[in-house]
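K.L.:
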Amino acid sequence: MSGVFHAAILFLVAAGLQVVFGVQKIFNLACGSFYALGAYVGVSAVGWYAAAGGPPALFILPLALGGLLVGLSGVVVERGLLRFVYDRDETFQLLLTFAVVLMMEDLIRMTWGTSPRSTAGLYLAYGQVQLLGATVPVYNLIVIAASLLIAVGMGWLLARTSFGRIIRATADNREMAQALGVDLGRVYARVFTLGTALGTLGGALVIPATAAMSEMGIELIVEAFAVVVIGGLGSMRGAFVGALAVGVLRAVAIAVYPELEMLLIYLIVIAVLLLRPRGLFGRATA
Amino acid sequence: MTGRAMAGRAILAAAGLAALLVPLVAPAYYVLLMLPFMAYAVVLLGLNLLFGYTGLVSFGHALFIAVGAYAGAFLTTHTRLRSFEVMLVAAAGLGAAAAALVGALCVRHVKIYFGMLTLAFGMVFYTFLLKFYRLTGGDEGMRVLRPHLLGVDLDAMPKTDYLAGPYYYYCLAVLVLATLLMWRIVHSPFGLCLRTIRDNPAKAEALGLGVTRYRWHAFVISAVYAAVGGALLGPPTGNVDPTLAYWTQSGNIVFMTLLGGFASFFGPILGAFVFIFLQDLVMSVVPYWRLIFGAILAVIVIFAPGGLMGLFARARP
Amino acid sequence: MILEARDLTASYGAFRALDGVSLAVDEGECVSIIGPNGAGKSTLINVLTGVLRPTGGSIRFKGRDIRGVGPVALARLGMARSFQLVHIFPDLTIIETLQAAVVSRLGRGTRLFASLAGDREVQAGALEVAELFGLADKRHALARHLAQGDKKLLDVASAFALRPEIILLDEPTSGVSTADKTAIMETLVAASRTIGLRAIVQVEHDMDIVFGYSDRIIALHEGKVLADGPPARIRADRHVVDIVIGRPRPPSPARVADA
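Residue numbers (the numbering used here), protein chains in the order written: chain A, 1 to 286; chain B, 287 to 603; chain C, 604 to 862.
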């Protein structure tokens, strides 16, 4: 069950990756760093909330809100850095996101220090239930539900709103979209911010279950990377199925043979890349 | 010889002389700092064969650094062998073997898929090093005992004297040899073919050059260099650990290459030097070297993709 | 027969680019392939040079079956090609490009530790081709800085440097000014005599060039061979003229003198 919880969080981060890759064709290594940022901000938000005397039962609100709001900082990265390299080789784009990873790692350290931060005790504030023979914190279920809601919301956004149509058009054929009057700069800024907000939200929501630690960003990105490879680059459905697959597989692996854990996942990634590079739902790219 | 070539040779000679004199004139701290620089310089010479000359960006190259480092460590701690020569040859051999396998799988793919595959392989090795602690020592890593240089057992020497003395010159010799060898490779018919594949694989094929085979060769050679460099990294700290294989390490060495300039032969060596010494400089003031280096990388990518050597080339008319 | 193709078919999904194309190229022939856009000319070249696999039919080069053989192996067997969209090595100089071709020809590509500058055969071979094509005085220029005509010339010259037995050119003079076109063709003809080229196959749109330099013309239309014969017969073929050439016009004076 914790596998599904982990999958729910992974989905959020992976969805952020996918939407950015799909539209801007950039693999945002910094997505993990935004995840970490969301986590730390989440801890702080809950801390302020508790200090301000808010009822503990509603802690999830400042948590989620803090996570979402800090995601807006993505626009700074996009406008300030990324937009200068859209016409360059993808290697340079990737390296620029790596530069952001480096910078954010230290920025987080500078702001919150190096020792882990956590929201002690709040994890079980909503109690636990018995589900399928296991004891599951209700918090997990809330997050899973929220993640599902967001998945549906993303689907709706992409299929039914004009913004979603613009996103899909730009993802399909950027030149044509531009020719049809789409303001690429604005679309990119919004898409990137959406992507980072999903990541920061994921980071915030995971906080009660685990502590915010300085390596969490660079560790999560490789898991998210596995998710998008298995699911298929650029595909939202892929993010969903991939996250589920990775989350559950990892939980199973830990239970059965702890050494395997991520090793199994990486081997599957390699197998996918060698045998079916576009993953489960990705489009065949050149 | 053109004036520019003469200036280049003069600078090279000066650098060589300086490198020889460092242990005699500089404080021990800086002499010791030269050791990881030299190790990474060897690694980067190999990486740039893959990156600058063949056009392949690997995000898992740290794998081979770790292979070399652990090979050396394993020999000193699990066998009776302490000869540095054996360690280096073993590192090279294991690096080549691993690269032959990994490369065979990876080089058929290009661009982002190549990057992703190499990243995945790098993380596989990292996880293996971390989790199979009975074999590898887990997150604490493996100890590296002091190697015997050219058959001479120097265990009795004080550590700093050993590292700043015979070990320093040994590493310098390895670096010089590695550089001479790579110079030959790059200026050989093979090197020319690599550049054709980098520039236009379709045309290279039309000229009868098998693109995948050449990439594979470049991959293996670069891995050998990485492994040898890795073996050089172990002895100074006396320990090797799994972080050597982590993906951010792979990112850092690509960063170093870009910093120095991937379009130039000596660029990567310059990059390693600047990275190591600047990192040390920054760390002595604030612990936030990543912030500064991240900013430097961003500046390079946006304004100076040719790196420091690229800037020097632009500055001259 | 140096090159012989029978009933070649090639499809992109449901679209049949080549529909039963047969042709034969004999010793000493210069064959031009003409046809309107979309007729399948480039596809034909790509199939013949191993870049594309035909879905049906057979190809024989020097008597051996080369169906499914890739461009690398074909280059080693003596077949060279140039490309419609210019294909050069942007960061190599002219002379380096030619050296690469010679290195490939001599099989010295795996020499890791030999000095390229010291290899006299490679140096001389590359210089020879540069001189043949009039590129010697700018041989240290980077390919990316060359004018379009010179890039095309380099593409063709590097194919020549392989000393192939047959060369297939995909629009060797397209995108090039009229003055340069003739220059390129003259160089080609002269160069082929020097290196003992046995046959040339070219896709061409410029009818002056086609009628001025071909021994035989093959007209393609919608993936099929419309006509196959010497220039005079093609020019007289109403059907071909309508579809491919347009209204017939008298040959230009310069070419009459050569014919």
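Cβ atoms here follow ideal geometry from the backbone N, Cα and C, with glycine treated the same way.
None of the values given here were measured: they were computed from a predicted structure.
Which residues does DSSP pair with C/Gly-832 in a beta bridge?
P.N.:
Residue pairing by DSSP places C/Gly-832 opposite C/Ile-820 in a beta bridge.
K.L.:
Ignore the nearest five residues each way along the sequence and tell me which others in C/Asp-809's own chain have a CB closer than 7 angstroms to its CB.
P.N.:
The residues are Thr-776, Lys-784.
K.L.:
Roughly how many whole angstroms lie between the Cα atoms of A/Ala-245 and A/Glu-261?
P.N.:
13 angstroms
K.L.:
Identify which residue in C/Ile-637, C/Glu-825, C/Ala-786, C/Ile-605 has its Cα closest to the Cα of C/Pro-834.
P.N.:
C/Ile-637
K.L.:
Note down, in chain order, each residue of its chain lying with its Cβ closer than 7 angstroms to the Cβ of C/Leu-757, except the 5 sequence neighbours on either side.
P.N.:
Closer than 7 angstroms at the Cβ level, and outside the excluded window around C/Leu-757, lie Ile-691, Ile-697, Thr-700, Leu-738, Ala-746, Leu-749.
K.L.:
Just reading off the beta strand (DSSP E) that C/Met-682 is part of, what are its end residues?
P.N.:
682-685
K.L.:
Would you list, in chain order, the members of the region 572-584 of chain B that have their beta-carbon closer than 7 angstroms to a beta-carbon of chain A?
P.N.:
Hits within the stretch, in order: Tyr-574, Arg-576, Leu-577, Phe-579, Gly-580, Ala-581, Leu-583, Ala-584.
K.L.:
Closer than 7 angstroms to a non-hydrogen atom of the ligand NAD - does that hold for the CB of A/Ile-144?
P.N.:
The ligand NAD is not among the ligands present in this structure, which contains no ligands whatsoever.
K.L.:
Only counting the same chain, and skipping five residues up and downstream in sequence, which positions put a Cβ closer than 8 angstroms to that of B/Ile-471?
P.N.:
Leu-335, Gly-477, Ile-507
K.L.:
Would you decide whether C/Ala-613 is buried or exposed? Buried here means 16 or more other CB atoms lie within 10 Å of its CB.
P.N.:
Using a 10 angstroms sphere on the CB of C/Ala-613, the tally of other CB atoms reaches 16 or more, which defines it as buried.
K.L.:
Name, in chain order, the residues that DSSP records as bridge partners for B/Ser-474.
P.N.:
In DSSP, B/Ser-474 forms no bridge with anything.
K.L.:
Is it right to say B/Val-438 is buried, meaning 16 or more other beta carbons lie within 10 angstroms of its own, or is it exposed?
P.N.:
exposed
K.L.:
Looking at A/Phe-98: is its Cβ nearer than 8 angstroms to the Cβ of B/Leu-583?
P.N.:
yes
K.L.:
Check the Cβ of B/Phe-476 against every Cβ in chain C and list those closer than 7 angstroms, keeping chain order.
P.N.:
Listed by position along chain C, the residues whose Cβ is nearer than 7 angstroms to that of B/Phe-476 are Gly-712, Thr-713, Arg-714, Leu-715.
K.L.:
What does A/Arg-109 reach in chain B if we use C-beta pairs closer than 9 angstroms?
P.N.:
Pro-573, Tyr-574, Arg-576, Leu-577
K.L.:
What separation, rounded to the nearest whole angstrom, lies between the Cα atoms of A/Arg-88 and B/Leu-594?
P.N.:
19 angstroms
K.L.:
Using beta carbons (cut-off 8 angstroms, strictly below), is C/Ile-691 in contact with chain B?
P.N.:
yes
K.L.:
Specify the secondary structure class of B/Ala-377 as computed by DSSP and reduced to three states.
P.N.:
helix
K.L.:
For C/Ala-862, is the classification buried or exposed, using 16 other Cβ atoms within 10 angstroms of its Cβ as the cut-off for buried?
P.N.:
Model confidence at C/Ala-862 stands at a pLDDT of 41, short of 50, so the residue's coordinates are unreliable; what they give is reported in the following sentence. C/Ala-862 is exposed by the Cβ-count criterion.
K.L.:
Is it buried or exposed for A/Asn-140, if we count other Cβ within 10 angstroms and need 16 for buried?
P.N.:
When all chains shown are included, A/Asn-140 counts as buried.
K.L.:
Find out if the Cβ-Cβ distance for the pair B/Ala-668, B/Leu-458 is shorter than 8 angstroms.
P.N.:
This structure gives no information on residue 668 of chain B, because the portion of chain B shown stretches from 287 to 603.
K.L.:
For A/Ala-145, is the classification buried or exposed, using 16 other Cβ atoms within 10 angstroms of its Cβ as the cut-off for buried?
P.N.:
exposed
K.L.:
For C/Lys-754, count neighbouring Cβ atoms within 10 angstroms of its own Cβ and tell me buried if that reaches 16, exposed if not.
P.N.:
buried
K.L.:
Taking Cβ positions, are A/Phe-34 and A/Val-46 nearer each other than 8 angstroms?
P.N.:
no
K.L.:
Classify C/Asp-722 as helix, strand or coil using the three-state DSSP reduction.
P.N.:
Under the three-state reduction of DSSP, C/Asp-722 is assigned to coil, being neither helix nor strand.
K.L.:
Using a C-beta cutoff of 8 angstroms, does C/Asp-668 count as contacting chain B?
P.N.:
no
K.L.:
Would you kindly report the start and end of the unbroken alpha helix (DSSP H) that includes B/Gly-516?
P.N.:
497-523
K.L.:
Give a yes or no on whether the C-beta atoms belonging to C/Leu-735 and C/Thr-646 are separated by under 8 angstroms.
P.N.:
no
K.L.:
Only counting runs of 4 or more residues, tell me where the alpha helix (DSSP H) segments fall wholly within the region 756-821 of chain C, in order along the chain.
P.N.:
Taking only runs of at least 4 residues, the alpha helix (DSSP H) segments lying wholly in the region 756-821 of chain C are 781-798, 810-816.
K.L.:
Which residue or residues does DSSP assign as beta-bridge partners of C/Cys-633?
P.N.:
C/Ile-803
K.L.:
Spell out the partners DSSP gives C/Tyr-873 in its beta bridges.
P.N.:
This structure leaves residue 873 of chain C out entirely; chain C is present only between 604 and 862.
K.L.:
Beta carbons nearer than 8 angstroms to chain C: which residues of the region 586-597 of chain B have them?
P.N.:
none
K.L.:
Cβ of A/Ala-204 within 8 angstroms of Cβ of A/Gly-66?
P.N.:
yes
K.L.:
Report, in whole angstroms, the separation of the C-beta atoms of A/Val-206 and A/Ala-14, which I expect to be a contact under 8 angstroms.
P.N.:
Approximately 14 angstroms separates the beta-carbon atoms of A/Val-206 and A/Ala-14; this is outside 8 angstroms, ruling out the contact.
K.L.:
Quick check: what's the CA-CA separation for A/Cys-31 versus A/Val-100?
P.N.:
10 angstroms
K.L.:
Please report the Cβ distance between B/Ala-352 and B/Leu-530, rounded to the nearest whole angstrom; I am assuming they are in contact, meaning their Cβ atoms lie under 8 angstroms.
P.N.:
4 angstroms
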